[in-house]
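Residue numbers for the sequence shown follow this note's numbering, beginning at 3 and rising by one. For every residue, glycine included, the Cβ atom is placed at its ideal position computed from N, Cα and C. Note that the structure is a prediction, hence the values are computed from the model and not measured. The block underneath contains the structure these notes are about, expressed in structure tokens.
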Amino acid sequence: MMDFDPLTQADDLGPAKVVHITERRTGLLAVVVIDNVAAGPAIGGVRMASDMTTAVCFRLARAMTLKNAMAGLRHGGAKAGIVADPRMPADGKEQLIRAFAASIRDLTDYIPGPDMGTNESAMAMVLDEIGRAVGLPPELGGLPLDELGATGFGVAESAEVAAPRLGIDLVGARVVVQGYGAVGRHAARFLVGKGAVLVAASDSRGGVVAPAGLDLDSLDGIKGRGGSVTECQGDVTIVDRDDVFAVECDMLIPAAGPDAIRADNVEEVKTRLILQGANIPITAEAEARLHQRGIMNLPDFVVNAGGVICGAVEYAHGSRSQAFQLIADTVGGNVEAVLDRCLESGDRPREVAMAMARSRVHQAMKARRWI
Ligand code: NAD
Numbered sequence: 003m004m005d006f007d008p009l010t011q012a013d014d015l016g017p018a019k020v021v022h023i024t025e026r027r028t029g030l031l032a033v034v035v036i037d038n039v040a041a042g043p044a045i046g047g048v049r050m051a052s053d054m055t056t057a058v059c060f061r062l063a064r065a066m067t068l069k070n071a072m073a074g075l076r077h078g079g080a081k082a083g084i085v086a087d088p089r090m091p092a093d094g095k096e097q098l099i100r101a102f103a104a105s106i107r108d109l110t111d112y113i114p115g116p117d118m119g120t121n122e123s124a125m126a127m128v129l130d131e132i133g134r135a136v137g138l139p140p141e142l143g144g145l146p147l148d149e150l151g152a153t154g155f156g157v158a159e160s161a162e163v164a165a166p167r168l169g170i171d172l173v174g175a176r177v178v179v180q181g182y183g184a185v186g187r188h189a190a191r192f193l194v195g196k197g198a199v200l201v202a203a204s205d206s207r208g209g210v211v212a213p214a215g216l217d218l219d220s221l222d223g224i225k226g227r228g229g230s231v232t233e234c235q236g237d238v239t240i241v242d243r244d245d246v247f248a249v250e251c252d253m254l255i256p257a258a259g260p261d262a263i264r265a266d267n268v269e270e271v272k273t274r275l276i277l278q279g280a281n282i283p284i285t286a287e288a289e290a291r292l293h294q295r296g297i298m299n300l301p302d303f304v305v306n307a308g309g310v311i312c313g314a315v316e317y318a319h320g321s322r323s324q325a326f327q328l329i330a331d332t333v334g335g336n337v338e339a340v341l342d343r344c345l346e347s348g349d350r351p352r353e354v355a356m357a358m359a360r361s362r363v364h365q366a367m368k369a370r371r372w373i
């Protein structure tokens, strides 16, 4: 698990703490990376995965530092990893989650949230053990972000701000969503609500293309009963899941997983604007190529911050409407600032946004007299 040495690999931002946990009694093997807490206690998900490593945990924690800083939250960035198969029997999983929670009781500058392999029930267990967690069930004061569509809402708000600056009319704009899950389907719903047309969508089992527009109610019905977008009926064409990247559109939303657009398929992409709903859905090489091709590609930690903003509002005992207002203001404002600088300088959006986020963390560190 130790493939990252904080003593030699730390930089100006962090990590502040790297904690490894091994517990014989429960078999718990975990790592917590608290990257930077200048802005406040760090929020970051607890990921349960068999292949979790310290290096991956550090990269994810750093991404949270930048995302939280970009979102203007009074929280730093962190991440935790429990090395285990998330599909294990429920009682064993509960024992591990509770053991993990107990072992981070004194790491009070870390606020755990849900991530891959954990969910709101797991966060209820963490809260029960140590009294702090975000991403809680509604009956414990949680704002159920995937049900509300907080991240998809931020993606759609980003599109609304970006479209006029790029000469795209949102009414009638053709949208493609890769990964019609929690993020993708809500982004589609909010965008269609603004007049856009969903012309293609995919999930892990395949894709569907409909130039005249897909019926979202029917898609949601299919997905709600565990089906695939490929079960769509009517005037549609069923395709392989990666074929949706080649569908000509005005906006493409990769919302499935990492490295979906790579050197080997980047030339197929025929769009004007990419909104990264997933985390790192495009490799660095492919991002460079998209920039050369003049495709505006707004990075993950700018446009998909709706989820963590919702978590921060929940932590501060705020309401759903406060969360949505803050997402619209913050994510929309950031997209405007990043795009204006990119259009003026010709620089890449990720570089521009990264510089803005790093500068905000440095400001917070200066305010604390750490630098
Ligand atoms: P999800 O599991 O609800 O949805 C993912 C969807 O992608 C599913 O429909 C799945 O079938 C599909 N999919 C998986 N592999 C695919 C492939 N190769 N091609 C096409 N579709 C594929 O997950 P989610 O919560 O929507 O998260 C999606 C991504 O966004 C993840 O990378 C996640 O880390 C990131 N993210 C999520 C949130 C959030 O609020 N949920 C916030 C920020 C970032």
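Taking Cβ to Cβ, would you say residue i is nearer than 8 Å to residue j?
| i | j | result |
| --- | --- | --- |
| V199 | V238 | no |
| A257 | Q324 | no |
| D108 | G47 | no |
| H77 | A41 | yes |
| V177 | A190 | yes |
| G203 | L193 | According to the sequence displayed, residue 203 carries Ala and not Gly. Cβ distance not < 8 Å, so A203 and L193 don't count as in contact. |
| V363 | V340 | no |
| S160 | L277 | yes |
| G174 | G197 | yes |
| F6 | T56 | yes |
| G74 | T332 | yes |
| L300 | A164 | yes |
| G308 | T153 | yes |
| A12 | S52 | no |
| N306 | G208 | no |
What are the partner residues of residue i, as DSSP defines its beta bridges?
| i | result |
| --- | --- |
| G115 | G47 |
| E25 | L30 |
| R176 | V199 |
| G79 | N38, I45 |
| K19 | I36 |
| V241 | G209 |
| S204 | Q180, G209 |
| N299 | I276 |
Residue i: buried (16+ other C-beta within 10 angstroms of its C-beta) or exposed?
| i | result |
| --- | --- |
| R377 | Because residue 377 is not part of the residues shown, which for the chain are 3 to 373, the question remains open. |
| K69 | buried |
| K368 | exposed |
| H319 | exposed |
| L30 | buried |
| A265 | exposed |
| A359 | buried |
| A184 | buried |
| A44 | buried |
| P91 | exposed |
| V304 | buried |
| P351 | buried |
| R187 | buried |
| A289 | For clarity, residue 289 is Glu in the given sequence; the question names Ala instead. Buried, since its Cβ has 16 or more Cβ neighbours within 10 Å. |
| L214 | According to the sequence as given, residue 214 is Ala; it is not Leu. A214 comes out exposed. |
| G357 | The sequence shown places Ala at residue 357, rather than the Gly named in the question. Burial call: exposed. |
| S347 | exposed |
How about residue i: is its Cβ closer than 7 Å to a heavy atom in the ligand SAH?
| i | result |
| --- | --- |
| D148 | Of the ligands this structure carries, namely the ligand NAD, none is the ligand SAH. |
**OP:** Could you say if the stretch 29 to 41 and the stretch 77 to 88 meet the contact criterion of at least three C-beta pairs nearer than 8 Å?
**Re:** yes
**OP:** Could you say if the stretch 283 to 300 and the stretch 309 to 326 meet the contact criterion of at least three C-beta pairs nearer than 8 Å?
**Re:** no
Original post:
Quick one: any contact between the stretch 208 to 226 and the stretch 148 to 159, if contact means 3 or more CB pairs under 8 Å?
Top reply: no
**OP:** Tell me, please, whether the stretch 130 to 145 touches the stretch 287 to 298 by the rule of three or more beta-carbon pairs shorter than 8 Å.
**Re:** no
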